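Written below as structure tokens is the structure these notes are about.
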Amino acid sequence: MEMNLVMFGPPGAGKGTQAIQLSEIHGIPQISTGGILREAVEAGTDLGLKAKVVMEKGELVSDELIVGIVQERLTKDDSKNGFILDGFPRTVAQAVALDSILLNRASLLVIELDVPDEVLVGRLSRRAELENRSDDREEVVRERLRVYQEQTQPLVAFYQDRPTFRKVNGDQSPKEVQNVLEKTLRDLIEVNAGLESLN
Ligand code: AMP
Numbered sequence: 001m002e003m004n005l006v007m008f009g010p011p012g013a014g015k016g017t018q019a020i021q022l023s024e025i026h027g028i029p030q031i032s033t034g035g036i037l038r039e040a041v042e043a044g045t046d047l048g049l050k051a052k053v054v055m056e057k058g059e060l061v062s063d064e065l066i067v068g069i070v071q072e073r074l075t076k077d078d079s080k081n082g083f084i085l086d087g088f089p090r091t092v093a094q095a096v097a098l099d100s101i102l103l104n105r106a107s108l109l110v111i112e113l114d115v116p117d118e119v120l121v122g123r124l125s126r127r128a129e130l131e132n133r134s135d136d137r138e139e140v141v142r143e144r145l146r147v148y149q150e151q152t153q154p155l156v157a158f159y160q161d162r163p164t165f166r167k168v169n170g171d172q173s174p175k176e177v178q179n180v181l182e183k184t185l186r187d188l189i190e191v192n193a194g195l196e197s198l199n
């Protein structure tokens, strides 16, 4: 059955690492909007030029721009058995748009990866050294965390009443998080199958 998964959580929560593993295990694409934007910046396209300034400040690109990118990406054949969205939605407006993009598809499974701020700052400063991501510099990290609290945290209220929403503790080793995620997903798939059979 189609597995349509959204993972959200603050920068440094481990979304990317976990989404890539889940994508390999389940054979569905990991779609990272941050990754798509970084590629565009690298390639120097119009989109890249627009995104670069915003990303370097740690802010969010416009809902309109990013929704357009995701909408187009989800029409590709490789996502017909499902997908893992990593870093989208990041605002309630994006979440509303995603619901309408997916109207005729299997319902969304939503996982919030929860990690305390002080752990994130440490993880991101290590990533800054390893990956040389310009938005992992300390001032930008603080801004990204602030933007997360302000614009993305409200997704919890948006999704939490759905039976297919779960919060997972991301403050554990990558392996432990992976195990919990697998268990959580099995549970969500079951809940979802029950719901679909009612329709
Ligand atoms: P990420 O790799 O997910 O941390 O994304 C890196 C940066 O790309 C973010 O700080 C934003 O500037 C931009 N970005 C990625 N996804 C989105 C999104 N869904 N909405 C707006 N901006 C985004």
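Heads up: the sequence shown begins at 1 in our numbering, then just goes up one per residue.
We treat Cβ as the ideally placed atom computed from N, Cα and C, and that holds for glycine.
Treat the numbers as computed from the prediction; the structure is a model and nothing was measured.
- Excluding its 5 nearest sequence neighbours in each direction, Ser23 has C-beta neighbours in its own chain below 7 Å: Pro29, Gln30, Ile84, listed in chain order.
- When the beta-carbon positions are compared, Tyr148 and Pro11 come within less than 8 Å of each other.
- Within the same chain, and ignoring the five residues on either side of Asp187 in sequence, the residues whose Cβ sits closer than 8 Å to its Cβ are Arg166.
- At a cut-off of 7 Å, the beta-carbon of Ser32 counts as near the ligand AMP: some heavy atom of the ligand is closer than that.
- Distance from the C-beta of Glu59 to the nearest heavy atom of the ligand AMP is below 7 Å.
- DSSP, read as helix, strand or coil, puts Asn179 in helix.
- Beta-bridge partners of Gln30 (DSSP): Ile84.
- Out of Glu196, Met55, Gly87, the CA that lies nearest to the CA of Val140 is found in Met55.
- In terms of CA proximity to Leu37, Arg73 leads the group Ile25, Arg73, Leu5.
- The Cβ-Cβ distance between Val92 and Thr33 does not fall below 8 Å.
- The DSSP-derived three-state label of Lys167 is strand.
- Val177 and Gly14 do touch by the CB rule: their CB atoms are close to 6 Å apart, below 8 Å.
- For Arg144, the shortest separation between its Cβ and any heavy atom of the ligand AMP lies below 7 Å.
- Boundaries of the beta strand (DSSP E) harbouring Leu5: 3 to 8, taken from the DSSP string.
- Judged by the Cβ position, Val41 fails to qualify as a neighbour of the ligand AMP at the 7 Å threshold, every heavy atom of the ligand being at least this far.
- Taking Leu65 as reference, the option from Asp77, Leu49, Asp78 with the minimal CA-CA separation is Leu49.
- Remark: C-beta atoms of Gln153 and Leu60 do not approach each other more closely than 8 Å.
- Ranking Glu131, Val67, Thr17, Ala193 by CA distance to the CA of Lys175 puts Thr17 first.
- Beta-bridge partners assigned by DSSP to Ile36: none are found.
- With distances taken between CA atoms, Asp63 lies nearest to Leu98 out of Leu198, Asp78, Leu98, Val115.
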